[in-house]
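Residue numbers (full-length UniProt numbering): 1 to 451.
No residue lacks a Cβ here, since even glycine has one placed at the ideal position from N, Cα and C.
This one's a predicted model, so the numbers in the text were calculated from it and none came from an experiment.
Below is one structure, written out as structure tokens; comments come after it.
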């Protein structure tokens, strides 16, 4: 894909922001889940700790009964939930049966001001415990009695829950990310669809199927459509103006040239034959150039985006029918052999001009026969026109099509016909090749793209 593609930029930007947003959301959701799970554990430990504190009898020999908390897990060894009551600075301590002989190391874990602290302690069986520790003081006749009360729970379940939630969260966010990227892709496709329609509309204008773009576009694209239509209108007007001015200029020169030609003829009959001949030749050259420009002004300018269709068979048949009725053509044997249904990508008028120029040249030079053959050659149509005229040398063939070049000054003509043929072929992505024909005359092979 083109790195400068607007589609790639939009989709890449959307995908980048979606991925970044999901990563941030994943971290935030994971952190909030962990915080809430730990808060829930801390609240549960605090509630159990409050119940345990309420069960303490500071005057009894055993201040805390073994069944101080009714949860049966406290009576199951290594169950993962434990309590411990101890007197700071002494060896006296009371524990739940689940702790067995293990003593929780709580020195420094509780605040001396009676507030509780939440932290991590080492438990039995290498367990990591989340613990709530509080020091409580009871007033007695013998003075205050302080107890350090600890409630602890194995973090393995908590960590496993966090890990599983993280895995599920990553999977869910991955699925969501794919869905969002697909949605962004669909949005980009739909958003750029009017531009594709605009390209198709411009293509229709280039192919001659429409004069301008229709106003059936979203409001955001309509200003561009208006500018394109204005540009097309101005271009059409400029081309028509230039063609009209060229034609007007050429036609305007016809009358003065006719006057000069008559003046040259008068000079030749009044004793100024040499000067009259020179003027007549100059006038003839000017007239030929005017005619050449007139014929060029009728050619249709093409671009690669134009797609036209014209029948090569019809152009050849019509031209041969006309030339066979002329003084030169009626004496020739016209032999045509064309593959059926040859359609070429060229304007119909330009094709008639091209075929007419080459066939007219063959009719002018041919002695008795003109052969026309047409066939398909891959993506091209190939038309070969040959005559049995006197032919040309290799040097003369190389100069064919050069504007104004004439190889026999005794024959009528300007030498501009084949140059017009080259102009037409160049405008329509074709080629023309001149060679000596098998009959001895000239063979012209024209290749044009098939429609």
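Original post:
Identify the residues that DSSP records as bridge partners of residue 82: which are they?
Top reply: DSSP lists 152 as partners of residue 82.
Original post:
CB-CB under 8 Å to residue 340, same chain, minus the five flanking residues each way: which ones, in chain order?
Top reply: Excluding sequence neighbours, residue 340 sits near 313.
Original post:
I think residue 26 touches residue 173, with their Cβ atoms under 8 Å apart; what is that distance to the nearest whole Å?
Top reply: The beta-carbon separation of residue 26 and residue 173, rounded to 5 Å, stays under the 8 Å limit for a contact.
**OP:** Might you give, ordered along the chain, the residues of its own chain that have their beta carbon closer than 6 Å to the beta carbon of residue 319, omitting 5 neighbours on each side?
**Re:** Here the set comprises 355, 356 and 359.
Original post:
Going by DSSP, what residues sit across from residue 56 in a beta bridge?
Top reply: Residue 56 is not bridged to any residue.
Original post:
What does residue 333 pair with, by DSSP beta-bridge criteria?
Top reply: As computed with DSSP, residue 333 is found in a beta bridge with 369.
Original post:
What do you reckon, are the CB atoms on residue 120 and residue 150 nearer than 8 Å?
Top reply: Not a contact, by the Cβ cut-off of 8 Å.
**OP:** Please say whether residue 374 and residue 381 have beta carbons closer to each other than 8 Å?
**Re:** Contact flag set, yes.
Original post:
Do you know whose CA, among 220, 232 and 189, lies nearest residue 202's CA?
Top reply: When the alpha-carbon of residue 202 is set against those of 220, 232 and 189, the nearest one is in 232.
Subject >> CB-CB length for residue 147 against residue 63, believed under 8 Å >> reply: In this structure, residue 147 and residue 63 form a Cβ contact; the two beta carbons are roughly 7 Å apart against a cut-off of 8 Å.
**OP:** For residue 239, count neighbouring Cβ atoms within 10 angstroms of its own Cβ and tell me buried if that reaches 16, exposed if not.
**Re:** Exposed is the call here.
Original post:
Using a Cβ-Cβ distance under 8 Å, would residue 206 count as near chain D?
Top reply: Checking the listed chains, one finds no chain D in this structure; it contains a single protein chain.
Original post:
Per DSSP, which one or two residues make a beta bridge with residue 132?
Top reply: Under the DSSP definition of a beta bridge, residue 132 partners with 118 and 151.
Subject >> Bridge partners - residue 343, DSSP secondary structure assignment >> reply: BP columns for residue 343 point to 311.
Subject >> Backbone secondary structure at residue 64 - three-state DSSP >> reply: Coil at residue 64, not helix or strand.
**OP:** Could you tell me the boundaries of the beta strand (DSSP E) in which residue 431 lies?
**Re:** According to the DSSP assignment, residue 431 belongs to the beta strand (DSSP E) that extends over 431 to 436.
Original post:
Between residue 124 and residue 99, which are expected to be in contact by the criterion C-beta below 8 Å, what is the C-beta distance as a whole number of angstroms?
Top reply: Taking 8 Å as the upper bound for CB-CB distance, residue 124 and residue 99 are in contact here, some 6 Å apart.
**OP:** Could you give the DSSP three-state label for residue 96: helix, strand or coil?
**Re:** In this structure, residue 96 counts as coil in the three-state DSSP scheme.
Original post:
Under a three-way DSSP split, which group does residue 450 fall into?
Top reply: DSSP places residue 450 in strand when its eight states are reduced to three.
**OP:** Provide the residue(s) that pair with residue 316 in DSSP beta bridges, ordered along the chain.
**Re:** As DSSP reads the structure, residue 316 sits in no beta bridge.
Subject >> Alpha-carbon to alpha-carbon, residue 277 and residue 265 >> reply: Rounded to the nearest whole angstrom, the CA to CA distance from residue 265 to residue 277 is 8 Å.
Original post:
What span of residues does the alpha helix (DSSP H) with residue 247 cover, start to end?
Top reply: That run of the alpha helix (DSSP H) goes 222 to 269.
Original post:
If we count Cβ pairs, one from each stretch, closer than 8 Å, do we get three or more for the region 193 to 212 versus the region 30 to 47?
Top reply: No: the two stretches stay apart, fewer than three of their Cβ pairs being nearer than 8 Å.
Subject >> Residue from 259, 280 and 258 with nearest C-alpha to residue 268 >> reply: Of 259, 280 and 258, the smallest CA-CA separation from residue 268 is found for 280.
Original post:
Taking just the CA atoms, how far does residue 347 sit from residue 192?
Top reply: One C-alpha to the other measures close to 33 Å.
Original post:
For residue 379, which of helix, strand or coil comes out of DSSP?
Top reply: If DSSP states are grouped into helix, strand and coil, residue 379 belongs with coil.
Original post:
Does the beta-carbon of residue 385 have 16 or more other beta-carbons within 10 angstroms, so that it is buried, or is it exposed?
Top reply: Buried: at least 16 other Cβ atoms inside 10 Å.
**OP:** Apply the 10 Å Cβ neighbour rule to residue 430 and answer buried if 16 or more other Cβ atoms are within range, or exposed otherwise.
**Re:** So residue 430 counts as buried.
Subject >> Contacts around residue 376, its chain only, beta-carbon distance under 8 Å, and the 5 residues preceding and following it disregarded >> reply: Taken in chain order, the residues that qualify are 339, 342, 382 and 450.
Subject >> Cβ neighbours of residue 253 in the same chain (closer than 6 Å, five flanking residues each side left out) >> reply: Excluding positions up to five away in sequence, the list reads 290.
**OP:** Please look up how many angstroms separate the CB atoms of residue 86 and residue 96, rounded, as I've assumed it's under 8 Å.
**Re:** With 8 Å as the limit, residue 86 and residue 96 do not qualify as a contact, their Cβ atoms being about 13 Å apart.
Original post:
Three-state secondary structure (DSSP) at residue 441?
Top reply: Residue state for residue 441 is assigned as coil, using DSSP reduced to three classes.
Original post:
At what residues does the alpha helix (DSSP H) containing residue 397 begin and finish?
Top reply: It spans 394 to 398 - the alpha helix (DSSP H) in which residue 397 sits, taken as one unbroken run.
**OP:** Look at residue 22 and residue 186 and say whether their C-beta atoms are less than 8 Å apart.
**Re:** No, Cβ-Cβ distance for residue 22 and residue 186 is not below 8 Å.
Original post:
Does the beta-carbon of residue 84 have 16 or more other beta-carbons within 10 angstroms, so that it is buried, or is it exposed?
Top reply: Label assigned to residue 84: buried.
Original post:
Buried or exposed: which applies to residue 31, given that a residue is buried once 16 or more other Cβ atoms fall within 10 Å of its Cβ?
Top reply: Exposed is the call here.
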